[in-house]
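I have placed the structure first, in the form of C-alpha cells, so that the comments after it can refer back to it.
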Ligand SMILES: *[C@@H]1O[C@H](CO)[C@@H](O)[C@H](O)[C@H]1NC(C)=O
Ligand SMILES: *[C@@H]1O[C@H](CO)[C@@H](O)[C@H](O)[C@H]1NC(C)=O
Ligand SMILES: *[C@@H]1O[C@H](CO)[C@@H](O)[C@H](O)[C@H]1NC(C)=O
Ligand SMILES: *[C@@H]1O[C@H](CO)[C@@H](O)[C@H](O)[C@H]1NC(C)=O
Ligand SMILES: *[C@@H]1O[C@H](CO)[C@@H](O)[C@H](O)[C@H]1NC(C)=O
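Residue numbers (this note's numbering): 152 to 553.
Structural data, given as C-alpha cells:
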C-alpha cells in the first residue's frame with residue numbers, strides 16, 4: 152500500500168511536471184518556422200510557395216502559438232497561395248523582413264481572385280515586409296486596345312471569413328487589382344501600412360473592407376490609381392484614423408446598391424485624414440438602381456483636402472457606362488452623415504455635392520465647420536434631394552433642405 156502510494160505520487164509528480172513544463176515552454180517560445188529552413192531560396196527563380204505552405208501547415212497544425220518567418224531577401228511567390236484554416240492553436244504571427252514578389256508575367260496569377268489569401272483563420276498577424284504584385288504588365292494590358300483579352304487580375308492580400316487579424320508595418324506595391332482586402336471578417340487592425348501603385352493604374356484600391364465588422368485602419372499611407380480606403384456592403388463598426396491618401400480616388404463608402412438584396416454600411420468614423428490631389432475626398436457612392444442597401448451613422452471629421460476634385464460628395468447616380476441603370480433611382484437609403492471640421496482646397500468649383508436619390512432622399516446630413524476654397528474663393532455647393540442641418544462655419548454655404 153505504502154509502496155503503491157509513493158510510486159503513484161511520483162508518477163503524478165512527473166506527469167504534472169511534464170504538463171507545467173510544456174505549458175511554460177509553449178508560452179515562452181512559440182514554435183518558429185523559417186521558410187529558408189523549409190527550402191525557400193532568396194533571389195531564387197523557383198518560387199517559394201511550397202515552403203510557405205509547409206510553414207503554414209506546421210503553424211496551423213501546432214497546438215500553441217507559432218511564428219512563420221521570412222528573412223530579408225527577395226522571394227518569388229510563383230503562384231496563388233491560400234493559407235486555409237481553421238487552425239489547431241494559434242495565435243500565428245507572420246514576420247516578414249524581406250519581399251514576397253509575384254511573377255512579372257501577369258498571366259501566372261492574373262486569373263485568380265487573389266495572390267495571397269487567408270481563409271477562415273483566427274488570431275493571425277502579419278508584420279513588416281513588402282508584397283510586390285508586379286501589376287504594371289496587367290495595367291498596360293488593360294490600358295491597351297486588346298484590353299478584352301486581359302485577365303481581371305488578382306488582389307494581393309485577402310483575408311476572408313476570418314477574425315482577430317492584425318496587419319502592421321506591411322508595404323504593398325503594385326497589386327494587379329485591390330491591394331489589401333477584408334471580406335467577411337471580424338476584429339481587424341491595420342496599422343502603419345503603406346500602399347503604392349501608379350496613379351493611373353486601374354482598380355488598384357488600397358484597403359478594401361467588405362462584409363466586415365470591427366475594423367480599424369490607422370497611421371497608414373495609400374497612393375494608388377483607385378480608392379484609398381473603400382468600405383462596402385455589410386460592413387459596420389469601421390474606424391479609419393491618421394491616413395494619408397493620394398494620388399487616387401479618395402476614401403469611399405461604396406459602391407453600394409449594385410445588387411437588389413444587399414446589406415448596408417453603418418457606424419463608420421473617418422478621422423484625421425489628409426487627401427492630396429485625389430479625384431474625391433470623402434465620398435458615398437451608390438448605383439442608380441433599386442436595392443435594399445443603406446449607409447447610416449457615418450462620421451467624417453478632421454479632414455484636410457489638398458486640391459481635391461470632389462472634396463465632399465454623395466453620388467447616388469453611379470452608373471459606369473450607363474448600363475443597367477439609366478433613369479433608375481437608387482434604392483440605397485443614406486442617413487445620419489456628419490461632416491465635421493473639413494478644410495482645404497477644391498480643384499473644381501463645386502466643393503460639396505449631395506446628389507441623392509429622388510425616391511430615397513438623403514436625411515440627417517450634418518455640417519459643422521466646413522471650409523473649402525476653390526482658387527482662393529469659397530467653393531460652391533450642390534444639393535439634390537438632400538436634407539440636414541449646418542452649424543458653425545459652412546463654406547460652401549449650406550444648401551441642405553430640412
Ligand atoms: C506569359 O506566360 C504565358 C503563359 O505561360 C505565355 O504564353 C506568355 O508568352 C508569357 N509572356 C511573356 C511576356 O513572357
Ligand atoms: C458575410 O460574412 C459572413 C462571415 O462573417 C459570412 O458568413 C456571410 O456569408 C457573408 N455574406 C456575404 C453576402 O458575403
Ligand atoms: C494608359 O494610357 C494612357 C494614354 O496612352 C496613358 O496616359 C496612361 O499613363 C496609361 N496608363 C497606364 C497605367 O499605363
Ligand atoms: C451601430 O450603432 C448604433 C448606435 O450606436 C447601434 O444601435 C447599432 O447596433 C450599431 N450597429 C451595428 C451593426 O453594430
Ligand atoms: C448618428 O451617427 C452617430 C455617429 O456618427 C451616432 O453616434 C449617433 O448615435 C447616430 N444617431 C442616430 C439617431 O442613430
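Beta carbons are placed, not taken as given, at the ideal position from N, Cα and C, and that holds for glycine. All of these numbers come straight from a predicted model, not from anything done at the bench.
Spatial distance of residue 394 from residue 303 (CA atoms): 28 Å
Per-residue burial, residue 553 [other beta carbons within 10 Å of its own, 16 or more giving buried]: exposed
Buried or exposed (CB count within 10 angstroms, at least 16 for buried), residue 321: buried
Residue 387 Cβ short of 7 Å to ligand 4 heavy atom set: yes
Chain-order list of residues whose beta-carbon lies under 6 Å from that of residue 311 (same chain, five-residue window excluded): 270, 334, 335
Short Cβ contact (8 Å threshold) for residue 469 with residue 436: Yes, Cβ-Cβ distance for residue 469 and residue 436 is below 8 Å.
Which listed residue (325, 319, 195) has its alpha carbon closest to that of residue 288: 325
Distance cut-off 7 Å: residue 300 Cβ against heavy atoms of ligand 1: no
Close beta carbons around residue 398, own chain, < 8 Å, minus the five adjacent residues each side: Excluding sequence neighbours, residue 398 sits near 350, 374, 375, 376, 427, 428, 429.
Buried/exposed call for residue 178, threshold 16 Cβ in 10 Å: Any reading at residue 178 needs caution, since the residue's pLDDT is 47, under 50, leaving its predicted position unreliable; the model's value is listed next. Under this definition residue 178 is an exposed residue.
C-beta contact flag for residue 278 and residue 246 at 8 Å: yes
Cβ-Cβ separation, residue 404 to residue 382 (assumed contact under 8 Å), whole Å: 5 Å
Which listed residue (550, 471, 433, 194) has its alpha carbon closest to that of residue 423: 433
Beta carbon of residue 221 nearer than 8 Å to that of residue 251: yes
Residue 537 versus 357, 273, 510, residue with shortest Cα-Cα distance: 510
Runs of beta strand (DSSP E) wholly within the stretch 226-273 (minimum 3 residues, chain order): The DSSP assignment places complete beta strand (DSSP E) segments of no fewer than 3 residues inside the stretch 226-273 at 232-235, 243-247, 250-252, 265-270, in order along the chain.
Cβ-based burial, residue 557 [other Cβ within 10 Å; buried from 16]: Coverage of the chain is limited to positions 152 through 553, which leaves residue 557 absent and any answer about it impossible.
Proximity test, residue 294 beta-carbon vs ligand 1 heavy atom, cut-off 7 Å: Answer for residue 294: no, Cβ out of range of ligand 1.
Beta-carbon proximity of residue 414 to residue 439, cut-off 8 Å: no
Which residues DSSP lists as bridging residue 529, in chain order: 524
Integer Cβ distance of residue 555 from residue 241, believed to fall under 8 Å: Nothing can be reported for residue 555: it is not among the residues displayed for the chain, which extend from 152 to 553.
Bridge partners - residue 479, DSSP secondary structure assignment: According to DSSP, residue 479 bridges with nothing at all.
Local conformation of residue 398 per DSSP, three classes: Coil, per DSSP.
Among 445, 546, 364, the one whose alpha carbon lies nearest that of residue 491: 546
Same chain only: Cβ atoms within 6 Å of residue 365, ignoring 5 sequence neighbours per side: 337, 338, 388
Sufficient close CB pairs (3 or more, under 8 Å) joining the stretch 209-218 to the stretch 193-201: no
Residue span of the beta strand (DSSP E) that contains residue 494, given as start and end: From DSSP, the beta strand (DSSP E) with residue 494 extends over 484-497.
In DSSP terms, what residue 422 is bridged to: 392, 452
Residues sharing a beta bridge with residue 329, DSSP: Residue pairing by DSSP places residue 329 opposite no residue, since no beta bridge is assigned to it.
Residue 125 beta carbon near ligand 4 (any heavy atom closer than 7 Å): Examination of residue 125 is not possible in this model, given that the chain is present from 152 through 553 alone.
C-alpha gap between residue 396 and residue 448, whole angstroms: 23 Å
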